[in-house]
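Peer 1: Residue numbers (my numbering): 15 to 146.
Ideal Cβ placement from N, Cα and C applies to all residues, glycine included.
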Amino acid sequence: MTDTPSAAADTSSAVDAAVQGELRLLDPDVRPSPELVGALLHPEFTEIGASGRLWDRDSVLVALAERPGNGVRPLTASRMRGVQLTPDCVHLTFDTDDNGRLAHRSSLWRRTEAGWLLYFHQGTPYIDDEEL
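1. Closer than 8 Å is the cut-off here; do at least three beta carbon pairs connect the stretch 49-69 with the stretch 127-144?
2. Look at the alpha carbon of D109 and the alpha carbon of D41, and state the distance between them as a whole number of angstroms.
3. Mapping the DSSP letters down to three states, classify G66 as helix, strand or coil.
4. Taking the alpha helix (DSSP H) that P48 belongs to, which residues open and close that run?
5. Which word fits R115, buried or exposed, when buried means at least 16 other C-beta atoms lie within 10 angstroms of its C-beta?
6. Taking 8 Å as the threshold (C-beta atoms), are S121 and L106 in contact?
7. Identify which residue in R38, R45, P57 has its Cα closest to the Cα of R125.
8. Checking 8 Å against the spacing of the C-beta atoms, do P48 and L75 come in under that value?
9. I'd like the span of the alpha helix (DSSP H) that includes V44, first residue to last.
10. On the DSSP bridge assignment, give the partners of Y140 in chain order.
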């Protein structure tokens, strides 16, 4: 990729689209809905959860559907950064706080005919060493 204003705008637009998708997935009004989440997940989506569990698209959507009342707590995201790796792939990194459970997170978003979809996600728990 060249370092021209239009190339920079394309990169910014791609990263912005991935960030907006990630923020929608973190939205407590979206997370409990298999339909809304499913619209943001690539058909080949996989995840390594913060618990170490391996997930695929179907298992994530089934787990959401089986949660009555969808006891989904809001996650607080911070330090979100993104880089466009290729014209059709964006890598995001960020941290989340789930009621004191901290995780470093990494997501790969792919551009498809349907728009930007989450292709891979990994969460790794960590301890805030500032509190030690």
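Peer 2: From the atom records:
1. yes
2. Residue 109 sits at position 95 when you count from the first residue of the sequence shown. Residue 41 sits at position 27 when you count from the first residue of the sequence shown. So the alpha carbons of these two residues sit roughly 15 Å apart.
3. Translated into positions along the sequence shown, residue 66 becomes position 52. Reduced to three states, the DSSP call for G66 is coil.
4. Position 34 of the sequence shown holds residue 48. It spans 48-52 - the alpha helix (DSSP H) in which P48 sits, taken as one unbroken run.
5. The sequence position of residue 115 within the sequence shown is 101, counting from 1. R115 comes out exposed.
6. Here residue 106 is taken as the residue at index 92 of the sequence shown, counted from 1. Here residue 121 is taken as the residue at index 107 of the sequence shown, counted from 1. Against a cut-off of 8 Å, the Cβ pair of S121 and L106 comes out as a contact.
7. As a first step, residue 125 is located in the sequence shown; it is residue number 111 there, counting from the start. Looking at the Cα atoms, P57 is the closest of the given residues.
8. Within the sequence shown, numbered from 1, the residue matching residue 48 stands at position 34. Within the sequence shown, numbered from 1, the residue matching residue 75 stands at position 61. Closer than 8 Å, so yes.
9. As a working note, residue 44 is residue 30 in the sequence shown. No alpha helix (DSSP H) holds V44; DSSP gives it neither H nor E.
10. The count along the sequence shown starts at 1 and reaches residue 140 at position 126. In DSSP, Y140 forms a bridge with L116.
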